[in-house]
Amino acid sequence: MNKLSQIISKLRYINVFNKLTFEKIKDRDFIFLYAGDIPFRKEYKIKGLVGLSIKRANYQTILHDVCKPYPLPDNSIDAYQAEDVFEHIEYDALPAAINEIYRILKPGGYLRISIPDYRFDLYNNRCIKDNDGKIVFDPDGGGSFVDGKVCDGGHLWFPTYESTLELVKKTNFTKYEFYHYYDTDGTPVTKKIDYSKGFVQRTPDNDERGQSPFRPMSIVVDLMK
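Residue numbers (numbering that gives the first Met the number 0): 0 to 224.
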């Protein structure tokens with residue numbers, strides 16, 4: 000077996016036979032859960048980061064639906080990040096999902112949420128709207144629009160600052176800070192984000208689409224326990 004074949008064989012073993020589970024991570028000294036498949040970027044190579052996927056499990060990802068309970072005790076994880084995930088979940092189902100994250104977070108831990116801000120002009124302009132100007136489908140958000148409904152994994156709601164703040168207030172979190180968003184009158188807010196607490200790809204700091212002029216692309220908020 001040549002060297003390349005050996006490397007491929009080793010990678011297959013790591014991915015297929017060394018899949019992560021909650022049981023395997025429960026004794027780690029630092030646990031940072033990430034909703035979704037971890038992007039292949041250097042910024043996500045951080046201590047304790049564990050992906051949560053509804054499709055696959057591998058050496059860095061646990062097979063888990065983030066709307067389901069976690070087989071973890073109370074106060075057991077250090078941090079959690081949901082990046083471009085919650086808009087794919089029914090709005091009314093999110094308070095329960097977020098409260099379950101609150102349960103497993105240690106005191107002093109945090110949940111970082113980033114979701115598309117539909118006051119960002121490029122997102123808003125690409126959307127299909129009803130006769131009243133209300134967004135009903137984002138073609139670039141995945142899924143399809145059939146008989147007036149979004150299906151197949153598309154965006155199920157279209158976040159704004161108000162709807163996100165209302166969502167947060169429906170949860171057990173009482174401490175939170177919004178960093179990027181458009182205010183109710185459309186004023187852009189771009190506070191400095193500490194990306195060491197969780198990298199966010201779709202911000203004007205990291206995505207040229209929001210850089211000229213410099214303006215929010217995502218609603219970015221930290222919820223602290």
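From the three backbone atoms N, C-alpha and C, an ideal C-beta is built for every residue, glycine too.
For clarity, every value in this text was computed on a predicted model and none was experimentally measured.
Given that a residue counts as buried once 16 or more other Cβ atoms are within 10 Å of its Cβ, and exposed if not, what is F31? On the sequence shown, residue 31 is found 32 positions in, with the first residue counted as 1. Classification of F31: buried, given that the 10 Å Cβ count is 16 or more.
Is C126 near the ligand ATP, with its Cβ less than 6 Å from a heavy atom? Looking at this structure, you won't find the ligand ATP or any other ligand, since it has none at all.
Ends of the beta strand (DSSP E) at Y180? The residue given as residue 180 occupies position 181 in the sequence shown. Where Y180 is concerned, the enclosing beta strand (DSSP E) stretches over 174–181.
Rounded separation between P212 and D120 - CA only: Indexing the sequence shown from 1 puts residue 212 at position 213. Indexing the sequence shown from 1 puts residue 120 at position 121. Going by the C-alpha atoms only, they are around 11 Å apart.
So A96 is in the alpha helix (DSSP H); what residue range does that whole segment cover? Walking along the sequence shown from the start, residue 96 turns up at place 97. 93–103 is the span of the alpha helix (DSSP H), which, as asked, contains A96.
Residue nearest to G140 in terms of C-alpha spacing, selected from Y175, R111, D116: Position 141 of the sequence shown, counted from the start, is the residue given in the question as residue 140. The shortest Cα separation from G140 among Y175, R111, D116 belongs to D116.
Start and end of the alpha helix (DSSP H) containing L166? Along the sequence shown, one-based indexing puts residue 166 at 167. Segment 160–168, the alpha helix (DSSP H) holding L166.
Contact belief for D83 with I114 at Cβ below 8 Å, rounded distance in angstroms: As a first step, residue 83 is located in the sequence shown; it is residue number 84 there, counting from the start. As a first step, residue 114 is located in the sequence shown; it is residue number 115 there, counting from the start. Rounded, the Cβ-Cβ distance is 7 Å, consistent with contact.
Which residue's Cα is closest to the Cα of N98: K169, R40, G209, F136? On the sequence shown, position 99 is the one that residue 98 refers to. Per the Cα distances, K169.
Quick one: give me the first and last residue of the beta strand (DSSP E) that K148 is part of. Residue 148 sits at position 149 when you count from the first residue of the sequence shown. First-last of the beta strand (DSSP E) with K148: 148–150.
P215 versus D193: straight-line alpha-carbon distance, rounded: By 1-based counting over the sequence shown, the position of residue 215 is 216. By 1-based counting over the sequence shown, the position of residue 193 is 194. Each residue's alpha carbon lies about 15 Å from the other.
Taking the continuous alpha helix (DSSP H) assigned at D120, which residues delimit it? Within the sequence shown, numbered from 1, the residue matching residue 120 stands at position 121. Unbroken alpha helix (DSSP H) run through D120: 120–125.
Out of curiosity, what's the CA-to-CA distance linking G153 and S143? Along the sequence shown, read from residue 1 onward, the residue named residue 153 stands at position 154. Along the sequence shown, read from residue 1 onward, the residue named residue 143 stands at position 144. For G153 and S143, the distance between alpha carbons rounds to 7 Å.
Between H63, S75, R40, Q59, which lies nearest to F29 when the distance is taken from Cα to Cα? For the purposes of this step, residue 29 is taken as the residue at position 30 of the sequence shown. Here the closest residue by C-alpha is S75.
Taking all protein chains shown into account, decide if G197 is buried (16 or more other Cβ within 10 angstroms of its Cβ) or exposed. Mapped onto the sequence shown, residue 197 falls at position 198. By the 10 Å Cβ count, G197 comes out buried.
Given this structure, state the Cα-to-Cα distance separating I7 from G47, to the nearest angstrom. Here residue 7 corresponds to residue number 8 of the sequence shown, with the count starting at 1. Here residue 47 corresponds to residue number 48 of the sequence shown, with the count starting at 1. Model confidence at I7 stands at a pLDDT of 47, short of 50, so the residue's coordinates are unreliable; what they give is reported in the following sentence. Cα-Cα distance, rounded: 25 Å.
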